[in-house]
Amino acid sequence: MFVFESADQMPAENFQYRPLRSDKQEIRLIHLLPFDENGSTSDSDHRTLVSCQLEHVSLEDRPHYTALSYTWGDPSITCEIKLDDQRVRVTRNLEYALRHLITDYRDHGGGGPNVMVLWVDAICIDQHNEAERNRQVSQMNNIYETAMETILWLGPASEDSDLAFEALRGLSASAIRFGIRSWSAVSFNKTSSDPRVQAIQRELDDVIDFLRLDNSARLAAITSLYQRPWFRRVWVIQEAVLSRNAIVCCGRDWIPWYPFFRGFWVLCGVRDYLNLVGAGQPDSSALADVLTGALDRVTPVAFTRRDLSLLQLFYLLSRMAPLAQLQASDKKDYIYALLSLIDTHQSPHILVDYTKDWATVRTEVGQACLTYYGLRMLSFAGHSSENEVAGPSLQTSTPSWAPDWSSKDLPQPLFTSSIFITRGGWRYCPYSSARGFSQPLENSFRINGKLNLEGFYVDDVGYLGQPFTERGDTADDAARVVRLSTWLHDLDKTLLPCPNEVYKTAEEVYDALWRTPIADRAYVHSWETARASVETHRAYQAVRVGGDVGQGVKYANVAFNKLLQRLPFRSERGYVGLGPLGMCRGDSIWILPGADVPFVFRPAGNGDFIVVGEAYVHKVMDGEFFELSASRQNINLV
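Okay, so the sequence shown: first residue is 1 according to UniProt numbering, each after it adds one.
Below you can see the structure in the form of structure tokens.
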């Protein structure tokens, strides 16, 4: 959904739109005229102007049209087109896409009549009319579902984009040979005796050889394609998912969505195979790193499906915030762009309203989701980045309990539902710090913006350790494991050097020290995790004593993820854990009935607290705190 940020960027600042009839589910379509039928008017570069004519239609009549999904580019760089014989300005990227559709697409799969009929958000919605924008965005699912096809325009061709499409077609053709629907169903193992696993691994080895041909030219081409700005738009998720016939276009080349997806899916299998079997082998690790960086950009649009709960989509958004770096010109679109995808029976009712500012929308959505899903939503709130925290006197203009979905530092919960929603499924949260206690939230919100809750006070933060920062130039697994080992050695000496009143024996100290950096988690498959196991402990030992790098990297990969935007800490009484990067000494640790994990709050006076973020606290995560005498207290989150 293209939303212009100022009147100067509007596609038709002097154009008068005829109102749409909302009672008829009307939308506007444009008829894109061939150049030999549009009057041959030229622009300043002496090119024939793109010319189109508007038409009002009702979605109830199931009109025939093609939807266009594209990225806007720099909104300050515009070109002229003709709209109903009037000259108007649109972004250069949109003008280029329309010009391409006139000259190329019809001869390369578009077919159909001489005049293409399109729905293009920037032209077909009156961007000056907020009431109309609200209505049109609210029926976006119907617009894309009704379209005969959707063109996913990645942009003009590059020197290797045709090679990328050729490679993806080849990978797609190989997908059927694997005979599986989910990579998580495959127990990758270099010494596997399972004939089925052996056959799949041989096929993947062939794919790896294919990618490495010609000095890895195909891999480089695919990686370059996946880096295109189109994949960074938050709106493209619904545009691809809701479309019944999506066509991926780049320059003059095109490929249907499902072969494009199958090529991506095979690459995911290669990445997972290398991570699990090739760990510790420099060539395998380097290839896996390249694939991971590229696939992360495509994951949101590729693995999202319709009829998810809003909570599941928020897990996706939080997991991909630092990776895919999804973008929107209006912060409200981080919410509104997801609404057409959700299962309304598993989600709160949220109305599109562009007249409200971001702070209001953020607060209202936070309240609706907390009421509907409970305190698990609080895991997305707080200030995970030290740049967001102004010391102990932290002030916020929006309630700290309302997540900021637009932030690239959006907290990633300690437990996240599988990012690969189509294959990993929904797993129950493995933490239970509140041991089944709950509290209703319907009447907990105050008119002054405070959230009144009951909680159990655990302790204050007394000591903060050093963050672990993974250097971006360290691709070698052995070097990464050594760096983590050095950091862990320093942590042992400072965080918990000896037994205390919480961890009374050397065994309990050791257990806390190896489990805390990974938040007691282990990878089961890719990003899917379970509680740490005996095998995880063996991987930890490999890190500490310089054992097998392939084994050690299994622990290191989890640690790198859990230590991102987090700090090790020790409480005044001696609890150790991981908390948000923005936490300070004197912050307090609380357990909330209805929440799966503890939280770090900052006292704000008069019984009020600011949410800093969730925490892993060793020997608290399974309700052990309630074996002690614990009493409920009333607190206000502001």
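The beta carbon of each residue, even a glycine, is placed where N, CA and C say it ideally should be.
Hey, out of the options, whose CA is closest to residue i's CA?
i           : options                : result
G550        : L491, S285, Y226, Y258 : S285
G293        : G574, R228, Q565, D253 : R228
P282        : R480, R573, K504       : R480
D460        : A359, R573, V301       : R573
R585        : G594, P593, R570, V597 : R570
L351        : A359, Y336, W358       : Y336
residue 674 : I247, R271, L225, R515 : A question about residue 674 goes unanswered here, because the residues of the chain that appear run from 1 up to 638.
C369        : D357, G382, T355, Q346 : Q346
D61         : G278, Q25, Q16         : Q25
L94         : F599, L118, Q86        : L118
F437        : M148, E145, S631       : S631
residue 722 : Y372, K356, R515, D353 : Past the edges of the chain, shown from 1 to 638, lies residue 722, and the structure says nothing about it.
E203        : E145, G269, H64        : G269
F15         : L32, S58, K82, H64     : K82
A542        : F415, S174, A556       : A556
V558        : D84, A530, L464, W230  : A530
R218        : R169, Q439, C52        : R169
E80         : P63, L98, H64          : L98
P499        : T416, Q633, Y575, V88  : Y575
D330        : V234, S22, Y463        : V234
D121        : I27, C249, Y96         : I27
One question on the structure: do residue i and residue j come within less than 8 Å of each other, judged by their Cβ atoms?
i    : j    : result
A240 : W265 : no
S158 : G263 : no
L308 : L341 : yes
A359 : S397 : yes
V137 : I102 : no
L637 : L451 : yes
A595 : L378 : yes
E149 : T66  : yes
T516 : G577 : yes
R133 : I125 : yes
V597 : S400 : no
F231 : V301 : yes
L491 : M583 : no
By how many angstroms is the C-alpha of residue j removed from the C-alpha of residue i?
i    : j    : result
P497 : F261 : 51 Å
L410 : R319 : 9 Å
I30  : L310 : 33 Å
R362 : T505 : 46 Å
Q327 : L581 : 24 Å
Y334 : L323 : 16 Å
Q565 : Q312 : 22 Å
G391 : S161 : Caution is warranted here: a pLDDT of 47 is assigned to G391, below 50, making its placement in the model unreliable, and no coordinate value can be reported.
I447 : I123 : 40 Å
A199 : F560 : 32 Å
G607 : L484 : 40 Å
W153 : V298 : 15 Å
G547 : V611 : 41 Å
I151 : V115 : 16 Å
D272 : S182 : 11 Å
T191 : Q201 : 11 Å
I591 : G382 : 15 Å
W487 : A539 : 16 Å
S76  : D353 : 25 Å
Y226 : A164 : 9 Å
D587 : V617 : 14 Å
D214 : T223 : 15 Å
G424 : Q53  : Its pLDDT being 42, under 50, G424 is placed unreliably in this model, and the value from its coordinates should be taken loosely. C-alpha separation (whole angstroms): 46 Å.
W514 : G579 : 16 Å
Please work out which residues of its chain come closer than 6 Å, Cβ to Cβ, to residue i, disregarding the five sequence neighbours upstream and downstream, and give them in chain order.
i    : result
D477 : G280, S285, V549, V553
Y17  : D126
S629 : none
Considering only residues of the same chain and omitting the five flanking positions on each side of residue i, which have a CB-CB separation below 8 Å?
i    : result
A220 : D160
S187 : D194, V197
D104 : G251, R252
Less than 7 Å between C-beta atoms, sequence neighbours within five positions excluded: which residues of the same chain meet that for residue i?
i    : result
S533 : A522
G73  : T91, R92, N93
F445 : Q367, L451
P430 : F415, A530, R531
G462 : R570, S571, E572, R585
Compare the C-beta of residue i with all C-beta atoms of chain B and state if any pair is closer than 8 Å.
i    : result
E535 : You won't find chain B in this structure, because it holds only one protein chain.
Alpha helix (DSSP H) runs wholly inside the segment 99-165, at least 4 long, in chain order
121-124, 130-138, 140-146
My parser needs the alpha helix (DSSP H) runs of 4 or more residues fully inside the segment 171-240; what are they?
195-226
Completely contained alpha helix (DSSP H) runs for the segment 548-633, where each covers 4 or more residues:
549-562
Go through the segment 275-322 residue by residue and report every complete run of the beta strand (DSSP E) that reaches 3 residues or more, in order.
none
At 3 residues or longer, what runs of the beta strand (DSSP E) sit wholly inside the segment 459-504?
none
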